[in-house]
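Asker: If you read the protein sequences in the order shown, they are chains A and B. The first sequence begins at -8 in the numbering used here and counts up one residue at a time. The second sequence begins at 503 in the numbering used here and counts up one residue at a time. Don't be surprised by glycine CBs; every beta carbon is placed ideally from N, CA and C. Just so you know, these numbers come straight off a predicted model, no measurement behind them.
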Amino acid sequence: AKRMHAIQVDSVQRWMEDLRHMTEVE
Amino acid sequence: RAAQGRTYGNLGNTQYLLGNFQNAVLAHEQRLLIAKEFGDRAAERRAYCNLGNAYIFLGQFEVAAEHYKRTLQLARQLRDRAVEAQACYSLGNTYTLLQDYERAIDYHLKHLVIAQDLRDRIGEGRACWSLGNAHTALGNHEQALHFAEKHLEISKEIGDRN
């Protein structure tokens, strides 16, 4: 039933865009 | 040694922001070692999260998931609900990348519950959006509709036109 490729999931794309600039600062 | 730990963390973050993910992993692994030497669980938690993020951009999603699980365990030990929610959200998205939608739903539901407890409407909206997508992927259209309606309601409330 895995019909939708994950990279096409817009909520995941949005998360990755945010993640790209996110760091846990010391 | 403590300063070395912090510096490895900063170096890892800088390499990450420059897009040098392999070097970021090397630095954050050193940071993790030193955090463990000191029994500094907050620093350990940060290192696992930073490592998880770097492995996402290296395309190593299984490895990222293992690091996020350690982040989640430590967040629970440290009783940091906001970080616990963030770790669940990261795991939900990582399992979506792995096309394991059942596990993705488990973690997004955990995120949703914490977001509701913390009265975090933005987090709740993201959880509903993610849950709608995961249910769509599994063909659970009734459930997908339920979460899409919740997402719409919250988006209107917080003024998110996008």
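Whole angstroms is fine: what's the gap from Asp542 of chain B's alpha carbon to Val615 of chain B's?
Answerer: C-alpha separation (whole angstroms): 28 Å.
Asker: Whole angstroms are fine: how far does the CA of Lys658 of chain B sit from the CA of Tyr557 of chain B?
Answerer: So the two alpha carbons sit approximately 34 Å from each other.
Asker: Which residue wins for smallest C-alpha separation from His569 of chain B, given the options B:Asp582, B:Ala537 and B:Ser592?
Answerer: Minimum Cα distance to His569 of chain B is reached at B:Ser592.
Asker: I'd like to know whether the C-beta of Glu15 of chain A is nearer than 8 Å to at least one C-beta of chain B.
Answerer: So yes, Glu15 of chain A belongs to the interface.
Asker: Show which residues of chain A have a CB atom less than 7 Å away from the CB atom of Ser632 of chain B.
Answerer: Here the neighbours are Ser2.
Asker: Check for me: the alpha helix (DSSP H) holding Arg5 of chain A runs from which residue to which?
Answerer: It spans Asp1 to Leu10 - the alpha helix (DSSP H) in which Arg5 of chain A sits, taken as one unbroken run.
Asker: Just to confirm my understanding: we take Gln575 of chain B, look at its own chain, exclude 5 residues before and 5 after, and list those with CB closer than 6 Å. What are they?
Answerer: Within the same chain, Gln575 of chain B has no close Cβ partners at all.
Asker: Please state whether DSSP places Arg503 of chain B in a helix, a strand or coil.
Answerer: Here Arg503 of chain B sits in coil by DSSP.
Asker: Roughly how many angstroms lie between the CA atoms of Cys630 of chain B and His637 of chain B, to the nearest whole one?
Answerer: Each residue's Cα considered, the two are about 10 Å apart.
Asker: Would a C-beta distance cut-off of 8 Å place Asn580 of chain B and Arg547 of chain B closer than the cut-off?
Answerer: One point to set straight first is that residue 580 of chain B is Leu, not Asn, in the sequence displayed. In this structure, Arg547 of chain B lies closer than 8 Å to Leu580 of chain B by Cβ.
Asker: For Asp622 of chain B, I'd like the list of residues in its chain whose CB is within less than 6 Å of its CB, leaving aside the five on either flank, ordered along the chain.
Answerer: Counting only Cβ-Cβ distances below 6 Å, and skipping sequence neighbours, we find nothing.
Asker: Please check if any C-beta of chain A sits within less than 8 Å of the C-beta of Ala504 of chain B.
Answerer: So, not an interface residue.
Asker: Return the CA-CA distance between Glu8 of chain A and Arg508 of chain B, expressed in angstroms with no decimal places.
Answerer: Rounded to the nearest angstrom, the two C-alpha atoms are 26 Å apart.
Asker: Using beta-carbon positions only, say whether Ala549 of chain B and Leu534 of chain B come within less than 8 Å of one another.
Answerer: Cβ atoms of Ala549 of chain B and Leu534 of chain B: closer than 8 Å.
Asker: Chain A beta carbons: is any one of them nearer than 8 Å to that of Arg548 of chain B?
Answerer: Judged by the 8 Å Cβ criterion, Arg548 of chain B is in contact with chain A.
Asker: What is the rounded straight-line gap between the Cα of Thr14 of chain A and the Cα of Gly641 of chain B?
Answerer: One C-alpha to the other measures close to 35 Å.
Asker: In three-state DSSP terms, what is Asn513 of chain B?
Answerer: The question names Asn, but residue 513 of chain B in the sequence shown is Leu. Residue state, collapsed to three classes: helix.
Asker: Quick check: is the beta carbon of Ile558 of chain B nearer than 8 Å to any beta carbon in chain A?
Answerer: So, interface residue.
Asker: Residues of chain A with CB closer than 8 Å to the CB of Leu519 of chain B, please, in chain order.
Answerer: In chain order: His12 and Thr14.
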